[in-house]
Every structure is written in C-alpha cells, then in structure tokens.
Amino acid sequence: MDMMLTPEQEAMLHGKRAAGDLTTLWEDVDGFPLIPFTFTDHEVDRTPVLLAIHVWQASTCIQFLEVETDYVGPHLRFQRNGDACMSNVGRDSSTGQDVYISVACEMSHGMLLRILGHAIGLWNEEMRSDRDSYVRIISNNVLEDELGFFLINGDDTHGVPYDYCSIMHSHERIFTGNGEGTIATLDPLYKSSIGRTQGLSHMDLLQANRMYQCSDKLQSECSLASDPCVNYGFLNRSCLCACPEGTSGDFCETMTNTYNGNCLMPLSEVITEPTTIVSPSVDRSLWEDPTEIRFSKYIQAPANHVIVLIFDKFDIYPRTQHYVAEDMAVDMCWYDSVELCLDNLYDGEWYCGTELQGQNITSVGDSMVLHFLTRLNFMPGFSVTVNFVEVP
1 MDMMLTPEQE AMLHGKRAAG DLTTLWEDVD GFPLIPFTFT DHEVDRTPVL LAIHVWQAST
61 CIQFLEVETD YVGPHLRFQR NGDACMSNVG RDSSTGQDVY ISVACEMSHG MLLRILGHAI
121 GLWNEEMRSD RDSYVRIISN NVLEDELGFF LINGDDTHGV PYDYCSIMHS HERIFTGNGE
181 GTIATLDPLY KSSIGRTQGL SHMDLLQANR MYQCSDKLQS ECSLASDPCV NYGFLNRSCL
241 CACPEGTSGD FCETMTNTYN GNCLMPLSEV ITEPTTIVSP SVDRSLWEDP TEIRFSKYIQ
301 APANHVIVLI FDKFDIYPRT QHYVAEDMAV DMCWYDSVEL CLDNLYDGEW YCGTELQGQN
361 ITSVGDSMVL HFLTRLNFMP GFSVTVNFVE VP
C-alpha cells in the first residue's frame with residue numbers, strides 16, 4: 001500500500017457520504033501551485049527525493065519549496081519508515097502531512113515519483129471512473145482488507161484518457177491474497193505494461209497539468225491568447241508543446257500512432273500460426289531495466305481448433321514465501337512467473353520453477369493468453385511449442 005486515505009475520502013469511496021471532490025489540491029502562491037516540504041529526520045536520503053521532486057517540477061507548473069522543520073502551514077514532511085512508502089492523496093492538513101520513505105523506496109526512482117504523484121493529488125489509475133472499460137478487477141483474489149483500494153474514484157479525469165503506461169497504475173497482482181492476479185487488462189496484450197515504475201508517462205504529466213490548470217496559468221507568461229497544443233499535448237515552462245508519443249509537429253498536430261501503442265512491451269504480440277515461444281536472454285538494447293522483462297502473447301487458433309502448448313524446457317525461479325500482508329505470507333511465483341489463461345483472457349494459473357517442464361497444456365477454446373514476467377532474469381528460462389489441433 002502506498003496511498004493513505006483520510007476518513008472523509010474513505011467514507012466517500014464507500015458511499016457513506018455524498019459524493020464530492022475527493023482530492024484537495026495545493027493552493028497557488030504567486031500564480032502557481034506551491035507544495036512546501038521538509039525532511040523531519042536525517043535518515044531519509046535527500047538526493048533521490050529531490051531528484052524525484054525535480055522531475056515533477058520540470059514538467060508541470062507545480063512548484064516545490066523546501067522549508068524549515070518548524071514551518072507552520074500545509075506542507076509535506078518526509079520521514080523514515082522501516083517498511084512503508086506512503087503518502088496521502090493531495091493536501092489533507094493545514095499544519096503538515098507525513099510522507100513515509102523506506103530504504104527500498106529511496107532505491108526506486110519510480111516509486112518516489114509515484115508517491116509524489118499521490119501527494120500532488122493523483123489516485124491509482126485503476127480507481128478511475130472509466131476503469132471498467134479498460135481493466136477487470138478480479139475481486140476473488142484480493143485481500144479482503146484491501147478491497148477498498150479497488151473502489152471507483154469519482155473525481156474528474158480532466159479529459160485525460162486511461163493510461164496503461166501510467167506510473168500510477170498498479171501491477172497485475174497488487175494486493176493479492178493468494179498469489180494470483182488481481183487486475184487484468186481487457187486488451188490482454190497490455191497486461192505486461194501495467195505497474196511499471198521506470199518513469200512518468202506523458203498522461204501522468206498531462207493529468208497533473210490539467211488538474212492544476214497549468215496551461216491557463218502559463219499562457220500569460222508565454223504571451224499566448226490560447227493553448228496551441230492539440231492531441232493531448234500540453235504547454236510546458238519553455239512555452240513549447242510537450243507532445244505524447246505517437247504525435248509530432250510543433251503543436252502535436254500530426255498523429256503517427258496510438259498513445260497506448262507505444263506502451264506495448266517489445267515482445268508482446270498476437271500469434272495466429274504455430275510457432276515457438278522462447279523466454280529472451282538479456283538483450284539490454286530492448287529493455288529499460290534488462291533484469292525485469294515482461295511480455296504477453298495472445299494466441300488465436302482458427303475456428304474449430306484448440307491450442308496445444310508443449311513445454312520442451314521450463315526452468316525459471318521457483319516459488320518463494322512472499323508477504324502479501326504484514327502477518328501473511330503466500331508460497332507464490334513472484335520473481336519469475338508464467339501465467340496461462342486457458343478458458344478466458346483475464347484470469348489464469350501462475351507457474352514457475354520446473355512446474356511445466358515436459359508438460360502438454362491444451363486450451364479450452366480457440367484462444368488463450370500467456371504472460372511472462374522475470375524480475376531477476378538469470379535462470380535458464382523456457383521454450384514452448386505452440387500447435388493448433390482441429391477439434392473432431
């Protein structure tokens with residue numbers, strides 16, 4: 001869990017209070033939103049936190065200002081926490097609010113960006129009001145105490161499209177209670193795209209800019225009568241249009257690809273012919289983080305056929321005890337895993353170790369999905385032959 005909710009926010013999410021603005025934004029100072037912050041103990045490493053602050057500040061109109069520890073007024077207080085990396089969503093106190101930073105959090109630039117996203121006012125992507133058009137929540141696999149984090153947030157999406165690439169999107173087994181999946185993308189090829197924390201997506205920045213009406217505020221400084229950016233571009237501090245992937249031109253006016261098309265993992269694909277799928281060796285030219293490799297294969301056989309997978313080789317990292325709650329560990333495939341969705345496109349079984357070595361697996365119908373994830377990428381891997389067999 002990386003998001004702390006106020007009692008009012010929890011009540012609104014659970015429908016116990018009338019719907020209203022769930023998020024309180026930071027107020028403007030000298031025309032632009034200002035977030036004061038301080039470090040309340042010396043254990044927190046300032047450098048990675050300040051770097052994450054710089055990334056948000058450089059691409060939005062939001063300003064951060066370091067203040068003294070005795071500062072009176074709304075501000076963020078960064079402090080050490082042994083295990084947790086957490087923030088409130090938006091501004092929730094007139095006297096200061098804690099942001100908890102663990103050592104593991106300091107070592108993950110992406111996690112710090114996500115925590116600051118919450119502090120700015122961004123919710124988890126899968127809590128958006130339109131999420132059911134993009135993902136399916138598999139409630140049966142979710143820890144009962146954490147089901148509240150899958151409730152729909154009715155806040156304004158500001159016209160920003162749903163973003164599988166968002167750093168605010170949780171991974172496919174967030175809050176799992178049994179080691180199985182909790183979030184599935186309706187387009188199965190994108191299941192490997194969610195939950196990555198390499199950096200901010202364009203839509204993350206657009207959401208923050210629209211939330212704080214940055215374009216309106218920058219137009220005056222840039223001597224512009226209106227916002228010239230189109231196709232989800234936004235005006236930046238240099239008075240230029242920051243354009244999403246898949247667009248070009250000074251004003252993002254030319255579309256060359258869909259936005260989410262640029263979010264697809266390099267080896268994710270649709271398979272319509274017999275083939276062999278092999279887990280990749282470390283190819284550092286393909287991956288932002290070559291130790292973490294993900295891909296999804298949507299396999300479609302001809303009508304009146306089933307898919308038969310023959311695992312000629314299967315040797316990946318075995319099951320380990322993984323804590324899914326403070327006092328609950330599950331024996332699960334965490335570091336390396338293959339998920340096979342045989343009778344639907346969303347919820348399958350996860351395998352690891354040598355569990356599929358020499359196995360023949362048959363789909364229920366004419367389609368199935370194979371997802372692969374390795375967080376370590378040093379085991380021998382797997383090789384699977386894909387055949388289509390006609391149903392008599």
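Sequential numbering of the sequence shown, starting at 1, is according to the UniProt record's numbering.
For every residue, glycine included, the Cβ atom is placed at its ideal position computed from N, Cα and C.
Neighbourhood of residue i by C-beta, 7 Å cutoff - its chain only, sequence neighbours within 5 removed
i, result
"Cys243", "Gly233 and Cys252"
"Asn178", "Asn141 and Val330"
"Tyr323", "Ala329"
"Pro280", "Leu267 and Ile293"
"Met111", "Cys85, Cys105 and Thr197"
"Glu390", "Asn304 and His305"
C-alpha gap between residue i and residue j, whole angstroms
i, j, result
"Gln357", "Ser59", "48 Å"
"Ser363", "Val308", "7 Å"
"Val230", "Tyr162", "17 Å"
"Gln63", "Asn387", "56 Å"
"Leu204", "Asn304", "For clarity, residue 204 is Asp in the given sequence; the question names Leu instead. Near 43 Å, if we compare the C-alpha coordinates of Asn304 and Asp204."
"Val282", "Phe382", "Bear in mind that the predicted position of Val282 carries a pLDDT of just 42, short of 50, making it too unreliable to give a figure here."
"Thr95", "Cys239", "34 Å"
"Ser93", "Gln198", "30 Å"
"Ser87", "Ile101", "9 Å"
"Asp306", "Phe295", "Here residue 306 is Val; the residue named in the question, Asp, does not match the sequence. Cα-Cα distance, rounded: 22 Å."
"Phe78", "Tyr346", "39 Å"
"Pro36", "Glu66", "6 Å"
"Tyr298", "Arg46", "44 Å"
"His118", "Gly353", "36 Å"
"Leu189", "Val384", "18 Å"
"Glu172", "Ser226", "40 Å"
"Glu68", "Glu144", "41 Å"
"Val72", "Thr38", "11 Å"
"Tyr335", "Ser223", "52 Å"
"Ile138", "Leu373", "19 Å"
"His371", "Leu186", "14 Å"
"Tyr164", "His202", "11 Å"
"Ser129", "Leu76", "28 Å"
CA nearest to the CA of residue i, picked from the options
i, options, result
"Cys214", "Glu27, Val72 and Met1", "Glu27"
"His169", "His158, Leu200 and Trp350", "Leu200"
"Val278", "Val338, Ser220, Asp227 and Val324", "Val338"
"Asp250", "Leu235, Thr320, Tyr259 and Gly82", "Leu235"
"Ala11", "Ile152, Ile138 and Val72", "Ile152"
"Pro302", "Arg128, Met368 and Glu355", "Met368"
"Ile174", "Thr157, Met127 and Ser133", "Met127"
"Asn377", "Asp216, Asp312, His171 and Pro318", "Pro318"
"Gln9", "Ile310, Leu116, Asp155 and Glu125", "Asp155"
"Val160", "Leu76, Ala208 and Thr6", "Ala208"
"Glu355", "Asp343, Asn344, Asp312 and Gln321", "Asp312"
"Val44", "Val103, Tyr71, Met4 and Glu68", "Val103"
"Pro48", "Gly73, Arg114 and Gln97", "Arg114"
"Asn81", "Gln219, Leu51, Asp70 and Asp41", "Asp41"
"Leu52", "Val99, Pro7, Ile361 and Leu116", "For the record, residue 52 in the displayed sequence is Ala; it is not Leu. Closest option to Ala52, Cα to Cα, is Leu116."
"Gly195", "Val135, Trp56 and Arg210", "Val135"
Sheet register partners of residue i (DSSP bridge)
i, result
"Tyr351", "Val338"
"Thr157", "In DSSP, Thr157 forms no bridge with anything."
"Met3", "Ser87"
"Gln79", "Tyr100"
Residue range of the beta strand (DSSP E) that includes residue i
i, result
"Asp216", "That residue, Asp216, is in no beta strand (DSSP E); its alpha helix (DSSP H) goes Cys214 to Glu221."
"Thr272", "Neither: Thr272 is in no beta strand (DSSP E) and is coded neither H nor E."
"Val99", "Gln97 to Ile101"
"Pro36", "Phe32 to Phe39"
"Thr320", "Thr320 to Ala325"
"residue 408", "Look at the range of the chain in this structure, 1 to 392, and you will see that residue 408 is not part of it."
"residue 396", "Summary: the structure shown does not reach residue 396, with the chain confined to residues 1 through 392, and so no result is reported for it."
"Leu65", "Gln63 to Glu66"
"Val330", "Met328 to Met332"
"Asn387", "Gly381 to Glu390"
"Thr362", "Asn360 to Thr362"
"Arg294", "Ile293 to Gln300"
Neighbourhood of residue i by C-beta, 8 Å cutoff - its chain only, sequence neighbours within 5 removed
i, result
"residue 411", "Only positions 1 to 392 of the chain appear in the structure, and residue 411 is not among them; the question remains open."
"Met255", "Asn231, Gly246 and Thr247"
"Pro33", "Leu25, Trp26, Glu27, Cys61, Ile62, Gln63 and Tyr212"
"Trp123", "Met3, Leu22, Thr23, Val89, Asn153, Asp155 and Met168"
First through last residue of the alpha helix (DSSP H) which encompasses residue i
i, result
"Asp204", "His202 to Met211"
"Gly233", "Looking at the DSSP string, Gly233 is not in any alpha helix (DSSP H), and its letter there is neither H nor E."
"Met111", "His109 to Ile120"
"Ile174", "Counting along the chain, Ile174 falls outside any alpha helix (DSSP H), and DSSP gives it neither H nor E."
"Arg136", "Note, Arg136: premise wrong, no alpha helix (DSSP H); beta strand (DSSP E) at Val135 to Ile137."
"Val49", "Arg46 to Ala58"
Residues of its chain near residue i, where Cβ-Cβ distance is below 6 Å and the 5 sequence neighbours each way are ignored
i, result
"His54", "none"
"Trp350", "Cys333, Ser337 and Glu339"
"Met1", "none"
"Gln97", "Asn88"
"Leu342", "Ser363, Val364 and Met368"
Near the ligand ADP: residue i beta-carbon under 7 Å from a heavy atom
i, result
"Pro188", "In terms of ligand content, the structure shown is empty, and the ligand ADP therefore cannot be addressed."
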